[in-house]
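Structure, as C-alpha cells:
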Amino acid sequence: MIWKITQNKDWDALEKQFSWVADMKDVAQHTTHHAEGNVAVHTQMVLKELENMPAYKALSEQEQEILWAAALLHDVEKRSTSQDEGDGNISASGHARRGEYTARTILYRDIPTPFHIREQVASLVRFHGLPLWLMEKLEPAKKIHAVSLRVNTQHLKMLAEADARGRVCEDLPHLLESLDLFEIFCKDEGCWGKSLEFETPNARFQYFDTIDGYIGYVPFDNFKSEVTMLSGLPGMGKDHYIQSLGTDIPVISLDALRRKHKVSPTDRSANGRVVQEAKEQARRYLRKGQNFVWNATNITRLMRQQLVDLFTLYDAKVKIVYVEKPYDVWRKQNRSREYMLPEDVLDKMLTKLEIPQLTEAHEVEYIIEE
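First residue of the sequence shown: 2, per my numbering; consecutive thereafter.
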C-alpha cells in the first residue's frame with residue numbers, strides 16, 4: 002500500500018486539513034530572495050515545479066509521495082524562526098532544523114507514518130537547503146558522506162531544485178549552477194543516489210568520530226567490551242527490550258538510580274548527581290572490560306555523543322538500540338506505568354527527539370513496532 006500524507010492535494014483542502022499549512026499564508030519572506038510573496042505562495046510554486054520535473058515523474062509512486070510531502074513541509078518552521086530585520090530583509094535561520102522536528106512529530110503523532118518513510122521526509126526537510134550551500138561548509142565531503150547515510154542525495158537535489166525554481170529571485174542561474182556542482186561532487190564522492198559504503202562498521206564510526214578521519218582507513222576491531230546504549234522516549238518499552246535479551250548482563254538505569262535517591266526527573270541539579278554516579282559505575286565496568294547496558298532516554302545527539310565519547314575512551318564497542326512504539330500505544334503504556342510521566346512532559350520531549358544515526362556508534366539498531 003502506498004503511503005500518502007493526504008489524499009486531497011488541493012491547496013484549499015490542505016489549509017482546512019492542516020493548521021500548519023494554514024499558517025503559511027501569514028509568514029512573509031525576504032523580498033529579494035522570495036519576491037513571489039509569503040511561504041504559502043512559495044510552497045505551492047515548489048510543489049508545481051516538483052510535479053513537472055521529468056526526474057520526479059520517473060520515480061516510483063512511493064518515492065514521489067515522500068518527496069511531495071517533504072516539499073509541502075520544507076518551510077513549515079519559517080513561522081517560528083522568521084525575523085524581520087527591516088527594509089524587506091527577513092531571515093529564517095534554523096528553520097530547516099526545527100522543521101525536521103516538526104515533520105517528525107506530525108508524521109508520528111498526527112499522520113501515522115511508517116518509520117523509514119517518516120525519517121526520509123524529516124531528513125529531506127532538514128537538509129533541503131544543503132545542495133545550494135554544501136561547498137561553503139567547513140568539510141563538504143564529510144558532510145555529504147553523513148547526509149548520504151540518511152537520505153537519497155538524488156532526491157535531495159530534486160527538492161532543492163524545486164525550491165530554487167519555485168521562487169522569484171534574481172540569482173536563479175547561480176542557484177542552478179550550485180545544484181549542478183552538488184551533483185558532480187556527490188558522484189565524485191561515491192554517494193550520488195546511494196549511501197556511502199564503508200569496509201566495516203568500525204571504519205565508518207572512526208571516520209565520522211575523528212576530526213581528520215581518512216575514509217579508506219580500516220581499523221582493527223580490538224574492542225575490550227561492548228556497551229549497549231538504549232535510546233527512546235519514556236514508556237516506549239526499553240525495560241522490556243532488556244528483559245528480552247535473556248542474559249545476565251549488568252544494567253545501569255538512570256530511572257532506578259533516581260528512585261533509589263528519591264530524585265524527581267525534573268530536578269536538574271539532583272539529576273546531574275545521578276548521571277555522575279551512573280558514569281562512575283560505567284567506568285568501573287569499562288576498566289574491567291565488562292559488557293553492560295546503559296538504560297536512559299538518550300533522545301538527543303548531544304546526550305548520546307557524551308556517552309559514546311566516554312565508552313570509546315576505554316576501547317568499548319558501542320551499540321545504540323532505538324526503541325519506538327506507535328503514538329497511541331506509547332501513550333497507553335505511559336498511563337499504565339508505575340511511574341507515569343505527565344502528558345505535557347512527553348509532548349515536550351517528542352518535539353526534541355533526534356533519531357540515532359549510523360554515524361554515532363559502531364552499530365545502530367532500530368526496534369520499531371508499527
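Just so it is clear, CB atoms sit at the ideal spot from N, CA and C, and this is done for glycine as well.
Which residues mark the beginning and the end of the beta strand (DSSP E) in which residue i is found?
| i | result |
| --- | --- |
| Trp331 | Per DSSP, Trp331 belongs to no beta strand (DSSP E); it is in the alpha helix (DSSP H), 328–336. |
| Tyr323 | 317–325 |
So what does DSSP say about residue i, is it helix, strand or coil?
| i | result |
| --- | --- |
| Ile234 | The amino acid at residue 234 is misidentified as Ile; the sequence shows Leu. The answer is coil: DSSP assigns Leu234 none of H, G, I, E or B. |
| Trp69 | helix |
| Phe224 | coil |
| Val365 | strand |
| Pro113 | coil |
| Lys26 | helix |
| Tyr57 | helix |
| Asn272 | helix |
| Glu371 | coil |
| Trp4 | coil |
| Pro132 | helix |
| Ile118 | helix |
| Thr44 | helix |
| Lys384 | An answer regarding residue 384 cannot be provided, because it is not within the stretch 2 to 371 covered by the chain. |
| Val169 | coil |
| Lys17 | helix |
| Tyr286 | helix |
| Asp11 | coil |
| Lys263 | coil |
| Gln63 | helix |
| Gln207 | helix |
| Glu78 | coil |
| Lys49 | helix |
| Leu359 | coil |
| Glu137 | helix |
Output the boundary residues of the alpha helix (DSSP H) element that contains residue i.
| i | result |
| --- | --- |
| Tyr102 | 96–106 |
| Phe199 | Careful: Phe199 lies outside any alpha helix (DSSP H) and carries neither H nor E. |
| Val346 | 344–351 |
| Trp21 | 20–23 |
| Lys373 | There is no way to answer for residue 373, as the model of the chain reaches only from 2 to 371. |
| Val309 | 302–314 |
| Pro174 | 173–189 |
| Asp164 | 154–166 |
| Leu354 | Where Leu354 is concerned, there is no enclosing alpha helix (DSSP H), given that its DSSP letter is neither H nor E. |
| Gln244 | 239–246 |
With the cut-off set at 8 angstroms, would you say residue i and residue j are in Cβ contact?
| i | j | result |
| --- | --- | --- |
| Ala204 | Val122 | no |
| Tyr109 | Thr352 | no |
| Ala93 | Ser83 | yes |
| Gln207 | Gly217 | no |
| Leu173 | Ala165 | yes |
| Asp316 | Phe209 | no |
| Arg105 | Glu78 | no |
| Ser232 | Pro357 | yes |
| Cys170 | His43 | no |
| Ala163 | Ala72 | yes |
| Gly167 | Val47 | yes |
| Thr360 | Leu197 | no |
| Leu135 | Lys144 | yes |
| Ile253 | Asn296 | yes |
| Ile335 | Pro235 | The amino acid occupying residue 335 in the given sequence is Asn; Ile does not appear at that position. Yes. Within cutoff. |
| His146 | Cys192 | yes |
| Val264 | Val276 | no |
Just list the residues that DSSP pairs residue i with in beta bridges.
| i | result |
| --- | --- |
| Asn39 | Asn39 pairs with nothing; no bridge assigned. |
| Val219 | Answer is none; Val219 lacks a bridge partner. |
| Val294 | Thr229, Val252 |
| Ser92 | Gln84 |
The ligand ATP and residue i: does the residue's C-beta get closer than 7 angstroms to at least one heavy atom of that ligand?
| i | result |
| --- | --- |
| Asp310 | Inclusion of the ligand ATP in the displayed structure is not the case, the ligand content being empty and no account of it being possible. |
Checklist entry - Can you find at least 3 beta carbon pairs, one from the stretch 123–137 and one from the stretch 147–163, that sit closer than 8 angstroms? => result yes
Checklist entry - Three or more beta-carbon pairs under 8 angstroms between the stretch 316–331 and the stretch 225–234, yes or no? => result yes
Checklist entry - Taking one C-beta from the stretch 275–290 and one from the stretch 234–245 each time, how about it: are there three or more such pairs within less than 8 angstroms? => result no
Checklist entry - Would you say the stretch 177–186 touches the stretch 43–61, given that touching needs at least three Cβ pairs under 8 angstroms? => result no
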